[in-house]
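All residue numbers for the sequence shown refer to this note's numbering, where the first residue is 2 and numbers rise by one. The structure appears below as structure tokens.
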Amino acid sequence: MKISISSINFRTGLVTLILSLMPCLGAMACAFEGPTHNYYLFSVFHRSLMGDRFGTETEVFWNKYVGNDPRFSSYRWSREVVMDVAKRRGDTEMMAYLRLLNSYIDASVFYDAWEYPSKEKIAQSQATMRELQAEARKYKGKRFRAQYMLMVMRTHFALKQYRETMNCWTRQGQKLPQSVYRDLMQNLYAGCLLRLGQRREAVEIYAAQEDFASLQYSVRNYRNLAGISKVFVENPNSPTLLYLVQDFVNNLQETQDVYANEWLSKEVYPEDSDKVNWIREIGAQPIYKPEARQFIDFARRVVASGKSRTPCLWMSAIGCLEHQMGDYQRAKIDLAKALTLNGTPRMKDNARAIFAANSVFVEPMKRKYRQWLAAELQWLDAKSKQDITDSVLTDDHYRDVKERIVYNGLVPRYFKSGDRTMAMAMLCMMDNEFNRIVGMPNWRHPDFKAADKPWNSDYWGEYFEALDSVNVEQLKHYARFLSKKPKDALQRYVWGKCYRAADYYNDLIGTKLMARGMFAEAIPYLEKVSMAFLNTQNIVPYVRHRSYETERWLTKQKVGDEFEGYMPLLTTNRKVEFCRRILAAQHLYRNMRPSEQRLEKAYELASLYYQASYLGDCWWLTQYGLSSAQDSTKTGNMDFVGHAINLLEESARSTDFSLKQKSLYALAFIPQDSWYEKGWDGTIGVYHDLSNPSVHPASRQYRAMMRLAEFAHDNAERIAPYISRCEELKAFERTRLTTPFAFSPYDDCLLEEFTYPLLN
């Protein structure tokens with residue numbers, strides 16, 4: 002079964018925490034691959050039934066026994082908690098059973114392909130099983146009668162004594178009162194039937210128990226059209242067909258996803274061995290287009306024959322296959338027909354969900370359709386809540402269908418039509434549901450007063466990427482849309498599920514204006530943002546500890562790892578302060594006549610621009626995160642680095658020695674158009690670094706280093722220590738005539754203490 006985001010818990014949380022620092026994953030090469038939102042569409046039974054069918058009830062028993070002790074998670078991992086409770090209560094009967102159960106668990110052998118047990122281990126396990134069986138037979142009480150009877154059957158089964166296991170069920174087990182332990186006995190009985198060649202009888206039991214994991218195993222050799230046809234001939238209403246049909250349809254999608262174009266013809270080439278191995282690894286069965294077409298023909302004959310009591314199953318499978326193969330018009334017809342045919346409620350819901358997903362590709366976006374689609378999305382929401390309520394797991398098929406509809410259908414469609422507002426609103430709606438899926442209510446829109454404040458995920462993901470990619474006017478238009486409830490049914494539905502906090506969007510607009518150098522226009526938006534909101538942002542530690550008044554090329558401002566416990570630290574809006582500061586400096590600079598004072602102001606402005614750039618310590622002024630993969634100004638933003646270089650070129654003409662040397666040093670420091678390339682050269686098989694550089698003599702930085710070297714040579718007695726002690730400058734002078742090198746923003750900077758981190 003394809004893994005959905007709903008199935009991922011701790012690992013997703015960890016990855017999200019790490020990636021929350023990254024501003025825009027979509028623009029990064031060799032970065033974390035974003036989700037495809039391509040979950041299985043076809044689901045005619047609850048996906049949780051593919052797991053441990055009986056585990057929930059047994060864990061409820063144990064949890065009740067320990068009094069909902071927070072230390073308890075499951076018996077397998079918390080059995081010492083149960084034993085502690087039994088000892089504390091003096092429950093000797095329970096302690097005796099627990100010792101028996103623990104011995105059984107420890108002695109059980111798992112025939113894993115990665116770690117197959119040795120003959121000695123198998124023999125030892127079998128000996129222990131015989132001892133446990135003898136011990137279990139001695140029990141004469143009533144309280145744990147079912148558990149001990151189950152232990153007898155389990156040990157027989159482990160010893161491959163299938164006839165004896167079956168006798169235990171027929172003579173004693175089936176006479177016991179209904180309980181999860183009696184169900185487990187019957188399940189073992191079915192397992193024995195299967196192993197003794199009585200597959201059909203075993204399947205009937207598995208189906209009645211809704212044990213689809215065992216059903217899957219029992220029909221593992223029937224997962225293709227030939228197998229499905231054979232089962233249908235044996236019994237047109239075999240319970241295994243429910244699993245086999247769903248498996249077939251979803252395996253076509255898996256084949257499409259893994260094999261790309263090869264699924265069309267069933268031609269898999271030797272170089273596709275990795276794909277073949279992956280299909281095996283995930284337990285999928287390749288289904289190619291020719292077989293899918295044959296299945297459609299077969300399923301039509303099944304429906305026409307009238308032999309199936311659930312023709313909805315077959316017709317919805319036809320429609321889903323057609324949808325997956327891109328025949329949306331035909332799928333629309335067949336899915337509509339499926340809705341009129343007999344089937345279980347889950348089958349009907351399945352057909353309805355697929356019909357809605359298919360409609361996005363065939364229906365014109367007119368008022369009547371938008372109204373209908375809004376109702377269907379509301380229905381999916383209701384089914385989603387029911388899907389979660391029906392399971393202790395976070396399995397949520399209908400939310401996954403909604404995700405496909407939105408991400409793979411509606412969002413691309415709206416973007417293509419030029420309606421960025423609705424596209425972003427759709428993304429916002431889905432993004433805002435993230436909390437419910439991962440069960441981490443503070444990950445998005447956190448409370449700054451929270452004692453344990455996590456990273457704020459409002460600045461990561463597809464929604465934020467979309468907000469970050471649009472221009473200022475589009476973002477303003479979108480913010481206006483969010484500020485007033487719309488009348489259109491679909492817009493109103495989406496709007497109601499969006500995050501609409503004005504602080505968030507005012508800060509985004511103001512920051513985007515700053516990044517474009519429109520500081521005066523940014524101030525009115527930034528002034529509206531509350532301090533409470535600003536203190537929820539991930540950038541708070543950087544804002545607090547770094548000053549834009551410091552010259553980046555002279556001092557690297559570091560931030561401690563502890564971030565002072567994430568407590569709110571800001572009392573003023575530093576972005577507003579920066580805007581006013583740079584506007585004042587710009588005003589003075591523009592109104593000055595050519596003079597030394599104007600050159601000093603040019604240097605001051607250069608420092609401010611550079612600090613606010615992606616290379617500066619105060620990158621937080623113009624963006625919300627920084628990645629080691631970012632090597633240029635974002636598209637549409639003002640080139641603060643280039644602007645700083647131009648101003649430094651001007652200030653470098655100063656006759657003031659101190660200003661001139663700082664300007665020349667700064668020009669050499671800035672890594673834009675770097676003067677050497679660091680990394681592996683596959684052509685000649687050499688790794689380039691400072692000891693073996695690959696030089697770019699025509700680069701801007703190379704020329705700047707030359708000027709600095711000449712200046713230092715001519716003024717050896719007067720230059721500042723930050724130049725005379727610069728190891729990179731010394732290395733440049735030693736190697737520029739033979740093996741020149743250059744500076745990279747991710748190497749040591751001109752002074753050791755100026756090291757530029759991968760992520761600061």
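Ideal Cβ placement from N, Cα and C applies to all residues, glycine included.
Just how far apart, CA to CA, sit GLU211 and ARG183?
-> Taking the sequence shown and counting its residues from 1, the one referred to as residue 211 is at position 210. Taking the sequence shown and counting its residues from 1, the one referred to as residue 183 is at position 182. So the two alpha carbons sit approximately 15 Å from each other.
From which residue to which residue does the beta strand (DSSP E) around HIS1 run?
-> Outside the displayed span of the chain (2 to 761) sits residue 1, for which this structure offers no information.
Using DSSP bridges, identify the partner residues of GLU235.
-> Residue 235 sits at position 234 when you count from the first residue of the sequence shown. DSSP lists no partner for GLU235.
Pairwise C-alpha distance: THR623 and MET515 | Translated into the one-based positions of the sequence shown, residue 515 becomes position 514. Translated into the one-based positions of the sequence shown, residue 623 becomes position 622. Those two C-alpha atoms are separated by around 6 Å.
Per DSSP, what kind of secondary structure is MET316 in: helix, strand or coil?
-> By 1-based counting over the sequence shown, the position of residue 316 is 315. Three-state result, MET316: helix.
8 Å Cβ cutoff met for LEU189 and ALA147 | What you label residue 189 is simply residue 188 of the sequence shown in a count that begins at 1. What you label residue 147 is simply residue 146 of the sequence shown in a count that begins at 1. Going by C-beta atoms, LEU189 is not nearer than 8 Å to ALA147.
Could you say which of GLN372, MET130, THR166 lies nearest to ASN103 if we only look at CA atoms?
-> For this step, residue 103 is matched to residue 102 along the sequence shown. When only C-alpha atoms are compared, the closest one is MET130.
Taking all protein chains shown into account, do 16 or more other C-beta atoms lie within 10 angstroms of the C-beta of ALA30, making it buried, or fewer, making it exposed?
-> Counting from 1 along the sequence shown, the entry for residue 30 is found at position 29. Any answer about ALA30 is weak, because its pLDDT of 34 lies below 50 and its placement is not dependable; what the coordinates show is given next. With fewer than 16 Cβ atoms within 10 Å of its Cβ, ALA30 is classed as exposed.
Report the rounded CA-to-CA distance for ALA766 versus SER109, giving the unit in angstroms.
-> The requested residue 766 does not occur in the structure, where the chain is confined to residues 2 to 761.
Pair within 8 Å by beta-carbon distance, VAL250 and PHE43 | As a working note, residue 250 is residue 249 in the sequence shown. As a working note, residue 43 is residue 42 in the sequence shown. Cβ atoms of VAL250 and PHE43: closer than 8 Å.
By how many angstroms is the C-alpha of ASP504 removed from the C-alpha of HIS714?
-> Taking the first residue of the sequence shown as position 1, residue 714 is located at position 713. Taking the first residue of the sequence shown as position 1, residue 504 is located at position 503. Distance between the alpha carbons of HIS714 and ASP504 is about 54 Å.
Sequence-distant residues of the same chain with beta carbon closer than 7 Å to ALA653, five excluded per side = Here the question's residue 653 lines up with position 652 in the sequence shown. Only LYS661, SER664, LEU665, LEU668 meet the Cβ criterion.
Helix, strand or coil at TYR688 [DSSP, three-state] = Numbered from 1 along the sequence shown, position 687 holds the residue referred to as residue 688. Correct three-state label for TYR688: strand.
Between the C-alpha atoms of ARG80 and SER119, what's the straight-line distance to the nearest angstrom?
-> Along the sequence shown, one-based indexing puts residue 80 at 79. Along the sequence shown, one-based indexing puts residue 119 at 118. Spanning the two alpha carbons is a distance of roughly 27 Å.
VAL67 versus SER49 - alpha carbon distance | Translated into positions along the sequence shown, residue 67 becomes position 66. Translated into positions along the sequence shown, residue 49 becomes position 48. Going from the Cα of VAL67 to the Cα of SER49 covers about 26 Å.
Apart from the five residues just before and just after ALA28, which ones in its own chain have a Cβ nearer than 7 Å to its Cβ?
-> Within the sequence shown, the letter at position 27 stands for residue 28. Per-residue confidence for ALA28 stands at a pLDDT of 34, beneath the threshold of 50, marking its modelled position as unreliable; the derived number appears in the next sentence. Closer than 7 Å at the Cβ level, and outside the excluded window around ALA28, lies no residue.
Could you give the C-beta distance for LEU133 and TYR163, rounded to a whole number, given that I count them as a contact under 8 Å?
-> Taking the sequence shown and counting its residues from 1, the one referred to as residue 133 is at position 132. Taking the sequence shown and counting its residues from 1, the one referred to as residue 163 is at position 162. Contact doesn't hold; Cβ gap of about 18 Å is too wide.
Distance between beta carbons of ALA352 and ALA339, contact taken as under 8 Å = Within the sequence shown, residue 339 is the residue found at index 338, counting from 1. Within the sequence shown, residue 352 is the residue found at index 351, counting from 1. 4 Å between Cβ atoms; contact.
Anyone know if the C-beta pair for TYR549 and CYS619 falls short of 8 Å?
-> Within the sequence shown, residue 549 is the residue found at index 548, counting from 1. Within the sequence shown, residue 619 is the residue found at index 618, counting from 1. Contact flag set, yes.
Counting Cβ pairs, one atom from each stretch, are 3 or more of them under 8 Å apart for the segment 235 to 244 and the segment 208 to 222?
-> yes
The alpha helix (DSSP H) spanning GLY410 covers which residue range?
-> Along the sequence shown, one-based indexing puts residue 410 at 409. Per DSSP, GLY410 belongs to no alpha helix (DSSP H) and is neither H nor E.
Straight-line CA distance for TYR494 to ALA502?
-> Here residue 494 is taken as the residue at index 493 of the sequence shown, counted from 1. Here residue 502 is taken as the residue at index 501 of the sequence shown, counted from 1. TYR494 and ALA502: Cα-Cα distance of roughly 17 Å.
Below 8 Å, can you find three or more Cβ-Cβ pairs linking the segment 378 to 389 to the segment 399 to 411?
-> yes
Own chain, CB closer than 7 Å to ASN468, minus 5 neighbours either side, in chain order = Here the question's residue 468 lines up with position 467 in the sequence shown. The residue you asked about is not Asn; residue 468 is Leu in the sequence shown. The residues are MET425, LEU476, LEU509.
Who are the near neighbours of ASP459 in its chain, counting only those whose CB is closer than 6 Å to its CB and skipping five residues on each side?
-> Translated into positions along the sequence shown, residue 459 becomes position 458. Hits under 6 Å: ARG445.
From ILE355 to LEU336, what distance separates their C-alpha atoms?
-> In the sequence shown, counting from the first residue as 1, residue 355 sits at position 354. In the sequence shown, counting from the first residue as 1, residue 336 sits at position 335. Whole-angstrom Cα-Cα distance: 8 Å.
In whole angstroms, what separates the C-alpha of PRO291 from that of GLN372?
-> Working through the sequence shown from its first residue, we reach residue 291 at position 290. Working through the sequence shown from its first residue, we reach residue 372 at position 371. Computed Cα separation, rounded: 38 Å.
Are the CB atoms of ARG575 and VAL544 nearer to each other than 8 Å?
-> Here residue 575 is taken as the residue at index 574 of the sequence shown, counted from 1. Here residue 544 is taken as the residue at index 543 of the sequence shown, counted from 1. Closer than 8 Å, so yes.
Flag this pair as yes or no: are the beta carbons of ARG599 and TYR590 separated by less than 8 Å?
-> Residue mapping note: residue 599 aligns to position 598 of the sequence shown, counting from 1. Residue mapping note: residue 590 aligns to position 589 of the sequence shown, counting from 1. Yes, they are a contact pair.
Beta-carbon proximity check, LEU584 vs ALA630, cutoff 8 Å = To locate residue 584, count along the sequence shown from 1; it is residue 583. To locate residue 630, count along the sequence shown from 1; it is residue 629. Taking 8 Å as the Cβ cut-off, LEU584 and ALA630 do not qualify as a contacting pair.
If you check the beta carbons only, do ALA480 and TYR506 fall under 8 Å apart?
-> Here residue 480 refers to the residue found at position 479 when the sequence shown is read from its first residue. Here residue 506 refers to the residue found at position 505 when the sequence shown is read from its first residue. Yes, Cβ-Cβ distance for ALA480 and TYR506 is below 8 Å.
So what does DSSP say about SER79, is it helix, strand or coil?
-> To locate residue 79, count along the sequence shown from 1; it is residue 78. Helix, per DSSP.
Using only alpha-carbon positions, find the residue among PHE145, ASP107, ILE540 that is nearest to PHE62.
-> Residue mapping note: residue 62 aligns to position 61 of the sequence shown, counting from 1. Comparing Cα-Cα distances from PHE62 to each of PHE145, ASP107, ILE540, the minimum goes to PHE145.
For GLY307, which of helix, strand or coil comes out of DSSP?
-> As a position in the sequence shown, residue 307 is number 306, starting the count at 1. Three-state DSSP puts GLY307 in coil, outside helix and strand.
State yes or no: is the C-beta of VAL82 within less than 8 Å of the C-beta of ARG72?
-> Within the sequence shown, residue 82 is the residue found at index 81, counting from 1. Within the sequence shown, residue 72 is the residue found at index 71, counting from 1. Yes, they are a contact pair.
Of all the options LEU570, HIS546, VAL471, ASN536, which has the alpha carbon lying nearest to the alpha carbon of ASN638?
-> Here residue 638 refers to the residue found at position 637 of the sequence shown. Taking only the C-alpha atoms, the option nearest ASN638 is VAL471.
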